Amino acid sequence: MKALEATPRIELFSPEAALAEVRELGMHEPQARLNIFRMLFHRPRTAKAISDLLLSLLMDSEIGHRRRELIILRIGWMTGSEYEWTQHWGLALSLFGCKEAELLALRGDWSHADCFDAVDRAVLTATDELLDTGDLCDETWRSCFEGLGRDAAIEMVAAIATWLLVSKLARGLRVPLEEGVEGWPPDGKIPPAA
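So for the sequence shown, the numbering used here puts the first residue at 3; every next one is plus one.
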């Protein structure tokens with residue numbers, strides 16, 4: 003099943019203009035190929051600020067790359083963000099040590115899956131609670147704090163909030179997938195929120 007394609011709300015910068023903008027802003031050149039930035043370059047300061055925030059959470063991860071990807075993909079699925087889910091599916095599998103069974107479990111009631119350890123479960127519970135209520139219950143926070151440590155627990159909340167921002171940007175601006183990219187891997191299944 004494939005979602006109905008929505009028309010982007012704002013035109014994308016051309017590849018050449020995006021590359022020039024990346025260089026002007028001092029961003030990483032591969033970001034010029036990402037449609038979310040090709041759209042955000044209409045607001046250069048916003049694009050740069052979001053880039054800096056994302057890179058701060060991507061490059062030196064206290065919570066670990068695998069757990070961060072679990073957070074991102076859970077948010078992508080639960081918010082119906084095809085762009086977020088699709089961008090991170092392949093990265094999670096090829097670069098960050100996620101297993102397909104883990105990612106598929108994120109599409110449903112992951113709490114019954116046997117592929118997550120206690121810390122994964124605390125992080126995913128925190129993700130769901132922040133998505134559902136905007137807050138964490140004390141027990142969830144304590145589990146994350148004890149399982150991850152102080153700095154990683156802070157980063158976890160920041161990661162959840164950041165990729166929720168990305169999800170809302172991608173959906174609200176109707177950021178299209180990059181040319182030639184198939185949505186909702188691995189099988190085209192679409193979440194209820196899409």
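Cβ coordinates follow ideal geometry from the N, Cα and C atoms, glycine included. Just so we're clear, the structure is a prediction, and the values are computed from it rather than from any experiment.
Residue i versus residue j: straight-line alpha-carbon distance, rounded
| i | j | result |
| --- | --- | --- |
| PRO32 | ARG70 | 20 angstroms |
| ALA161 | GLU18 | 31 angstroms |
| CYS146 | ALA124 | 6 angstroms |
| LEU57 | TRP165 | 12 angstroms |
| LEU133 | ALA163 | 9 angstroms |
| THR135 | MET80 | 13 angstroms |
| GLU26 | VAL159 | 31 angstroms |
| GLY190 | LYS50 | 32 angstroms |
| THR127 | HIS67 | 18 angstroms |
| ASP54 | GLY110 | 32 angstroms |
| ARG35 | GLU23 | 11 angstroms |
| PRO194 | ASP130 | 15 angstroms |
| ARG144 | ALA8 | 41 angstroms |
| SER113 | LEU59 | 25 angstroms |
Beta-carbon contacts of residue i that lie in its chain and below 6 angstroms, excluding the five residues immediately before and after
| i | result |
| --- | --- |
| GLY185 | GLU84, THR88 and LEU179 |
| GLY149 | VAL121 and ALA124 |
| HIS30 | none |
| ARG40 | LEU14, PHE15 and ALA20 |
Residue i, enclosing alpha helix (DSSP H) - first and last residue
| i | result |
| --- | --- |
| GLU84 | 84 to 96 |
| CYS146 | 140 to 150 |
| VAL24 | 17 to 27 |
| LEU75 | 67 to 81 |
| PHE39 | 37 to 42 |
| SER58 | 46 to 61 |
| VAL121 | 120 to 135 |
| LEU14 | That residue, LEU14, is in no alpha helix (DSSP H); it is neither H nor E in DSSP. |
| LEU105 | 102 to 107 |
Contact set for residue i: own chain, Cβ-Cβ below 7 angstroms, skip 5 residues either direction
| i | result |
| --- | --- |
| ALA94 | GLU71, LEU75, CYS100 and LEU105 |
| GLY174 | none |
| GLU86 | ILE74, ILE77, GLY78, TRP165, VAL168, SER169 and ALA172 |
| PHE43 | PHE15, ALA20, GLU23 and ALA49 |
Same chain, Cβ closer than 8 angstroms to residue i, neighbours up to 5 away in sequence not counted
| i | result |
| --- | --- |
| GLY92 | PRO187 |
| VAL177 | PRO10, ASN37, ILE38, MET41, TYR85 and LEU171 |
| CYS117 | LYS101, ALA103, GLU104 and ALA107 |
| ASP153 | GLU64 |
| THR142 | ALA124, THR127, ALA128 and GLU131 |
Cβ-Cβ separation, residue j to residue i (assumed contact under 8 angstroms), whole Å
| i | j | result |
| --- | --- | --- |
| ILE65 | GLU181 | Not a contact, Cβ separation roughly 32 angstroms. |
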